[in-house]
Each structure stands twice: as C-alpha cells, then as structure tokens.
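>
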Amino acid sequence: MNRGVFPFLCIVGLLAVMTSCSHPSLYEQKETLYKLGDQPEWAERDWNDDTWNEQQFRFVLNGQVYWMRTEIELLKSSEPFQPYGIQLEVYGEYEVFWDGVMIGKNGNPGQEAELEPEGILWPTFRIPTKLTEKGTHVLAIRASLLHFPDHTGIWDLELDGYDALLTDRLIETSYTNIFAGSFLIAAFYFFLLFLGNKKEYLMLVFSLSCLLFFALTITQFLRVTVPIHYSLHHVRLDVIGALMLGISLLIPLFFSLQFPFPWRKWVMGLYMGSLLILFFFRHNRFEIAGTNNMALGAWALSLAIVLYGVYKKEKGTLLVLLTLLACVPLTLAASFRIALFVGFSLILLSMLYLLSLRIQAQRLAYENSLVQSTRLRLQLLKKNIQPHFLMNTLTSLIDWVEEAPKKGVRFIEALAREFDLFNQVEEETLIPITQEIALCRSQLEIMEYRKEINYVWEEEGIDPKQTVPPAILHTLVENGLTHSLPLGDNTIRFRLTFEATTQARTYTLLTFAKPIPKEKPIEDGTGQKYVKARLA
14 MNRGVFPFLC IVGLLAVMTS CSHPSLYEQK ETLYKLGDQP EWAERDWNDD
64 TWNEQQFRFV LNGQVYWMRT EIELLKSSEP FQPYGIQLEV YGEYEVFWDG
114 VMIGKNGNPG QEAELEPEGI LWPTFRIPTK LTEKGTHVLA IRASLLHFPD
164 HTGIWDLELD GYDALLTDRL IETSYTNIFA GSFLIAAFYF FLLFLGNKKE
214 YLMLVFSLSC LLFFALTITQ FLRVTVPIHY SLHHVRLDVI GALMLGISLL
264 IPLFFSLQFP FPWRKWVMGL YMGSLLILFF FRHNRFEIAG TNNMALGAWA
314 LSLAIVLYGV YKKEKGTLLV LLTLLACVPL TLAASFRIAL FVGFSLILLS
364 MLYLLSLRIQ AQRLAYENSL VQSTRLRLQL LKKNIQPHFL MNTLTSLIDW
414 VEEAPKKGVR FIEALAREFD LFNQVEEETL IPITQEIALC RSQLEIMEYR
464 KEINYVWEEE GIDPKQTVPP AILHTLVENG LTHSLPLGDN TIRFRLTFEA
514 TTQARTYTLL TFAKPIPKEK PIEDGTGQKY VKARLA
C-alpha cells in the first residue's frame with residue numbers, strides 16, 4: 014500500500030468509528046423549570062409547576078436553595094434486574110428526586126456555609142425499576158449554589174442502563190489511558206531525538222505538542238478517575254485553557270518551521286499576541302467558546318501555511334491539507350469534545366508524517382554523504398600515489414642520494430612515514446588530532462626535501478584528547494602548498510590554533526606565504542569537496 018494513503022485511511026476509519034459509536038436514545042428531555050425557595054412538596058410528580066420560571070436564574074446568592082423540575086419521556090421500560098441510571102452535571106450540592114422519590118444525594122443543599130464541602134460534579138444515581146415504566150416522569154432537583162452563583166441549571170444529563178453508565182466510564186478510562194500514553198511515548202521519543210541533534214527544533218516542537226496533548230487528554234478525562242467538588246472545578250478548567258493555549262501556539266509554529274513563508278516572524282508574532290490577548294482578557298473558563306476560538310485560530314493559520322506549502326509543491330503537503338480539511342465535517346458531525354480530541358489527534362498524526370518524511374530525507378542525505386566521502390577518500394589516496402607525484406618525488410630522491418646520501422636516507426624515511434600514516438588513518442572515521450598533525454608534519458618534511466623551501470609548523474591551544482576526521486588538515490596544508498609561494502626568507506609558515514566552546518570546536522589553519530596569482534576564480538577542487546564531505 015502507498016504509505017501516503019495510509020494516514021488518510023486512518024482518518025476515514027476514525028470518522029466511521031465515531032459515527033458507529035452512537036446508539037438510539039432511551040429518553041426525551043423536556044424543558045427545565047426553576048423556582049427559588051424550598052418546599053418538600055415540589056418534588057412530587059403531580060405538583061403544579063405552571064407558575065415556575067422557564068428561564069434559569071442568573072444568580073442564586075448566599076447559598077439559597079432553589080428547585081429544578083424537568084419532564085423526561087422514557088421511550089422504553091427497563092428490563093428486570095437491569096435498572097436505569099441517570100448521570101448529572103449540576104453545579105452545587107443537591108438532592109435528586111424521581112417521581113417524588115429521592116434517588117440520591119450529592120452534598121448538603123442549603124448548608125454549604127456551615128458544613129464541609131461534599132459531593133462530586135458528575136455523580137451517577139440508580140433509578141428504581143418500578144419507577145422506569147415507559148411514559149412521562151419528573152426529575153426534580155433541590156439544590157444550592159454557594160460558589161459560582163451564576164451557574165444554575167442542568168449542564169448535562171444522560172440516562173441509560175445503570176451498569177452501562179458505570180462500565181462506560183471504566184472503558185472510557187482504559188481507552189483514554191492508552192490513547193494518551195501513545196502521545197506521551199511519542200513526546201519522550203522525539204525529545205530524545207532532539208537531544209541528539211539540538212538544531213532540529215521541529216523535533217522539540219512536536220515533542221512539546223504531544224506532551225501538552227497528553228496532559229490535555231488526562232485533564233479532560235480526569236473527572237472519571239478523580240472526584241472533584243464543584244467549587245474546585247475552575248482549577249481543572251484553567252489547566253485545560255492553558256494547555257489549549259500551548260497547543261494552539263505550537264501547532265502553527267510547527268507548520269511555519271516546516272514550510273517557511275515570507276514575513277513568518279511577523280505573522281507568528283501577531284498570531285501569538287492575539288492568542289495571548291484572547292486568553293488573558295477574553296477567555297471565560299466556563300464557556301466553551303474561548304477554547305473553541307483558540308482551536309479555530311490554530312486550525313485556520315495552519316491551513317493557510319499548508320496551502321502555501323501546497324503552492325510551493327512541498328513534499329507531503331497534500332495529505333496534511335486533506336487532514337486539516339477532514340476536521341471540518343468532523344466538527345459538524347460530532348460533539349465538541351470528540352471533535353476537539355480526534356481533530357487534534359489527526360493534526361498531530363499529520364505532523365508525525367511530515368517528520369517521518371524529514372527523517373527519511375536526512376537518512377538518505379547521510380547515506381549519500383558516506384558514499385561521497387568514500388569516493389573522495391579514494392580519490393585523495395590516488396592523488397597521493399599518482400604517477401607525477403611519485404616521479405617528482407623519486408627524481409628529488411635521486412638527486413639527494415647523489416649529492417647528500419644521509420639526507421637522501423632521511424627523505425626515504427619521511428616518505429615511508431607518510432605512506433604508513435596514510436595507511437593507518439584512511440579507513441578510520443575519526444583519528445586523534447596528534448596523529449593528524451603528525452601527518453601534516455610528514456607532508457611538510459617531504460615537500461621541504463622536494464622544493465628546498467623551509468616549511469615551519471606552529472600550533473597553539475591544541476587539546477590532544479580531541480579527534481577529527483582523517484586527512485582534513487592534511488588536505489588544507491596540501492592546498493596551502495599548491496597555491497602559495499615562499500616569503501622573502503624562503504619560508505612558508507603554517508599555524509594551527511584550537512578554540513572550544515559549549516556549542517562548537519573550532520580549528521583555524523593559517524598559511525603565511527605569498528599567494529599565487531589566479532586568472533580565474535578559485536573553485537572547489539577534490540580536496541575542498543573531501544573536507545566538506547567529511548565534516549557534513
């Protein structure tokens with residue numbers, strides 16, 4: 014299968030799974046009515062609530078008790094030994110009545126100021142089987158709201174089999190842990206890759222995105238495993254908002270680094286500034302619109318950047334574009350929570366796809382550099398034993414043997430040392446700097462016999478523990494010999510210095526000589542190409 018098609022099939026599969034997860038509802042919820050005060054009779058099924066308010070209260074101050082009544086039409090009676098249950102999201106402490114019968118208590122309504130906080134934000138209550146016949150029933154809630162007095166009403170209600178409501182939470186928790194854990198592993202893996210190459214900021218941005226998405230997933234589904242009193246819910250919402258801010262910043266930043274565009278710094282700076290203003294001045298932790306706006310902003314900017322990448326025919330952009338566009342029907346077809354997490358998952362998968370393409374390209378470039386380095390190394394070795402080099406060296410050797418036999422012997426020894434050193438290092442990846450310097454000194458000794466020029470070697474700050482690729486300094490020295498004339502005192506001087514910082518190690522080789530005039534611009538020859546290939 015074409016690897017480029019696989020992520021798109023994953024998108025289609027996830028959409029299909031989301032659609033298949035829906036099942037027919039067991040009930041229809043009617044309008045909720047509200048009344049301030051406290052009378053036990055208000056829990057009765059047949060109580061006349063015609064005078065009750067249809068609009069929920071804007072505020073219920075000082076922890077006063079208020080009531081809510083909602084008619085619920087059961088479309089199917091419960092089976093024997095399979096009772097229904099009801100799961101509520103209601104701010105405050107409250108008691109729950111079903112057809113006048115108390116089925117659960119979540120805290121102490123009306124006594125919040127005197128007693129310790131009790132209850133949780135998402136409780137589940139069991140409805141007696143005898144009260145779940147098909148037809149119309151009344152859900153009544155007696156509540157008080159000492160904290161966040163503007164959060165009256167029923168924020169969420171779900172009615173299903175009691176066992177199903179409980180087991181669904183456990184199943185949701187297990188899948189959530191697996192889902193979040195995969196992004197945590199990816200975060201650690203790509204962070205380690207970044208530590209291996211600190212110039213790859215894309216790895217760091219992707220790692221942080223996965224880490225924040227892991228934290229967002231765990232925080233969002235924290236209510237399943239950790240009981241939270243409604244007075245502390247704002248802490249969870251603040252954490253979710255901050256995590257959404259971080260993800261909304263990192264995802265467009267990743268695409269901007271992957272597909273650079275004109276005025277990138279200005280655009281990203283303006284976007285980040287707008288996002289921060291939205292978060293700190295306009296974001297309401299209790300409203301989903303703020304979170305939605307951050308996600309929408311990240312999606313819109315990412316789409317614009319990817320479209321620019323498509324225009325520039327960057328590799329992998331078409332699949333990423335399809336992924337971003339798939340988020341549109343996803344948002345329309347699913348709830349915000351599902352759309353948010355599945356949408357972010359698809360975007361992170363598309364980012365992973367781009368990183369895989371980048372890593373593949375880097376691996377191919379590295380393999381090509383190895384091939385090129387090997388070829389250039391062989392060419393360099395051939396250059397050192399090519400016929401004219403040997404002929405010139407042997408001619409000089411004959412002259413020295415005839416005129417000064419002792420110097421001729423030293424010439425032969427120097428020549429033998431250079432070839433011996435070359436044979437030792439030419440197959441190595443790294444060699445000690447002292448061995449590289451010995452190779453350079455040997456070359457200068459041979460050329461001194463050949464050209465009768467006084468070659469001087471100087472060095473400063475050399476750390477004998479350092480290593481370098483073989484023959485790179487030797488190649489630079491050879492270039493200095495080829496393109497230089499001696500000074501007035503018949504000397505050519507080479508000076509090697511070394512500096513080390515936390516970010517780099519720098520060798521500087523200076524040649525003190527007269528340059529040979531060139532009629533044409535100097536181009537990279539075999540030696541320069543070899544040095545660049547070995548340092549790549």
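Using our numbering, the first residue of the sequence shown is number 14, and each one after it goes up by one. Glycine included, C-beta positions come from ideal geometry on N, C-alpha and C.
Below 8 Å, can you find three or more Cβ-Cβ pairs linking the stretch 356 to 366 to the stretch 318 to 337?
Segments in contact, yes.
> Please look up how many angstroms separate the CB atoms of E106 and A156, rounded, as I've assumed it's under 8 Å.
So it is a contact: roughly 7 Å between Cβ atoms.
> Could you say if the stretch 76 to 96 and the stretch 36 to 49 meet the contact criterion of at least three C-beta pairs nearer than 8 Å?
Flag = yes, the stretch 76 to 96 and the stretch 36 to 49 touch.
> Can you tell me where the beta strand (DSSP E) with V109 in it begins and where it stops?
V109 -> beta strand (DSSP E) spans 106 to 111.
> On the three-state DSSP scale, how would you describe S220?
S220 falls in the helix class under three-state DSSP.
> Tell me whether F72 is buried or exposed, calling it buried when 16 or more other Cβ atoms sit within 10 Å of its Cβ.
Looking at its Cβ environment, which holds fewer than 16 other Cβ atoms inside 10 Å, F72 is exposed.
> So what does DSSP say about P528, is it helix, strand or coil?
Correct three-state label for P528: strand.
> According to the Cβ coordinates, are F161 and Y104 closer than 8 Å?
For F161 and Y104, yes; Cβs fall inside 8 Å.
> What would DSSP say about L338, mapped onto helix, strand or coil?
Looking at L338 - three-state DSSP - the assignment turns out to be helix.
> Touch check for the stretch 514 to 527 and the stretch 483 to 493: three-plus C-beta pairs under 8 Å?
In short, these stretches touch, since the Cβ pair count reaches three.
> Look at the alpha carbon of Y462 and the alpha carbon of Y379, and state the distance between them as a whole number of angstroms.
Distance between the alpha carbons of Y462 and Y379 is about 41 Å.
> Excluding five sequence neighbours on each side, which residues of the same chain lie with their C-beta closer than 6 Å to the C-beta of L128?
Closer than 6 Å at Cβ, skipping near neighbours: N121.
> Just to confirm, is the Cβ distance from L46 to W65 under 8 Å?
It is a contact, given that the beta carbons lie within the stated cut-off.
> On the three-pair Cβ rule with 8 Å, is the stretch 504 to 512 touching the stretch 466 to 476?
The stretch 504 to 512 is in contact with the stretch 466 to 476.
> Is it buried or exposed for R82, if we count other Cβ within 10 angstroms and need 16 for buried?
Under this definition R82 is a buried residue.
> Could you tell me the boundaries of the alpha helix (DSSP H) in which I260 lies?
Counting along the chain, the alpha helix (DSSP H) containing I260 begins and ends at 246 to 271.
> For Q516, which three-state DSSP category applies?
It is coil, neither helix nor strand.
> When the distance is taken between beta carbons, is P483 closer than 8 Å to E441?
Contact: yes.
> What's the call for K209, buried or exposed, on a 16-neighbour Cβ count within 10 Å?
A small fix is needed here, since residue 209 is Gly in this sequence, not Lys. Looking at its Cβ environment, which holds fewer than 16 other Cβ atoms inside 10 Å, G209 is exposed.
> Whole angstroms is fine: what's the gap from K48's alpha carbon to R139's?
Using only the alpha carbons, I get a separation of about 25 Å.
> How would you call Q399, buried or exposed, if buried means at least 16 neighbouring beta carbons within 10 angstroms?
Interpretation of Q399 is limited by its pLDDT of 48, a score under 50 that renders its predicted location unreliable; the figure taken from the coordinates is listed afterwards. Looking at its Cβ environment, which holds fewer than 16 other Cβ atoms inside 10 Å, Q399 is exposed.
> From N305, H496, T238, T165, pick the residue whose C-alpha is nearest to that of E185; which is it?
When each option's Cα is compared against that of E185, the closest is T238.
> Considering Cα atoms alone, identify which of F354, I485, L343 is closest to F192.
Selected option, being the one with the closest Cα: F354.
> Taking all protein chains shown into account, do 16 or more other C-beta atoms lie within 10 angstroms of the C-beta of Q516, making it buried, or fewer, making it exposed?
By the neighbour-count rule (16 or more Cβ atoms within 10 Å), Q516 is not buried but exposed.
> F207 lies in the alpha helix (DSSP H); which residues open and close that run?
That run of the alpha helix (DSSP H) goes 175 to 209.
> Taking buried to mean at least 16 other C-beta atoms within 10 Å of its own C-beta, is T230 buried or exposed?
Buried, since its Cβ has 16 or more Cβ neighbours within 10 Å.
> With a threshold of 7 Å on Cβ separation, who are the neighbours of L314 within its own chain once the five nearest residues in sequence on each side are excluded?
Within the same chain, L314 has close Cβ partners P265, Y284.
> Mapping DSSP to helix, strand and coil, what is Q77?
Three-state DSSP puts Q77 in coil, outside helix and strand.
> Grab the span of the alpha helix (DSSP H) containing I485 for me, first residue to last.
Residues 485 to 495.
> Assuming the contact rule is C-beta atoms closer than 8 Å, L256 and T232 should be a hit. Round their C-beta distance to whole Å, please.
About 7 Å; that satisfies the 8 Å criterion.
> Answer yes if the stretch 176 to 185 comes into contact with the stretch 140 to 151, meaning at least three C-beta pairs across the two stretches below 8 Å, and no otherwise.
The stretch 140 to 151, when compared against the stretch 176 to 185, does not touch it at the 8 Å Cβ threshold.
> Run the CB neighbour count on L548, radius 10 Å, all protein chains shown included, and call it buried at 16 or more, exposed below.
Under this definition L548 is an exposed residue.
> Who are the near neighbours of L270 in its chain, counting only those whose CB is closer than 8 Å to its CB and skipping five residues on each side?
Excluding residues within five positions, the ones whose Cβ falls inside 8 Å are Y214, L215, V218.
> Please report how far the alpha carbon of A317 lies from the alpha carbon of L367, in whole angstroms.
Taking the straight line joining both Cα atoms gives about 17 Å.
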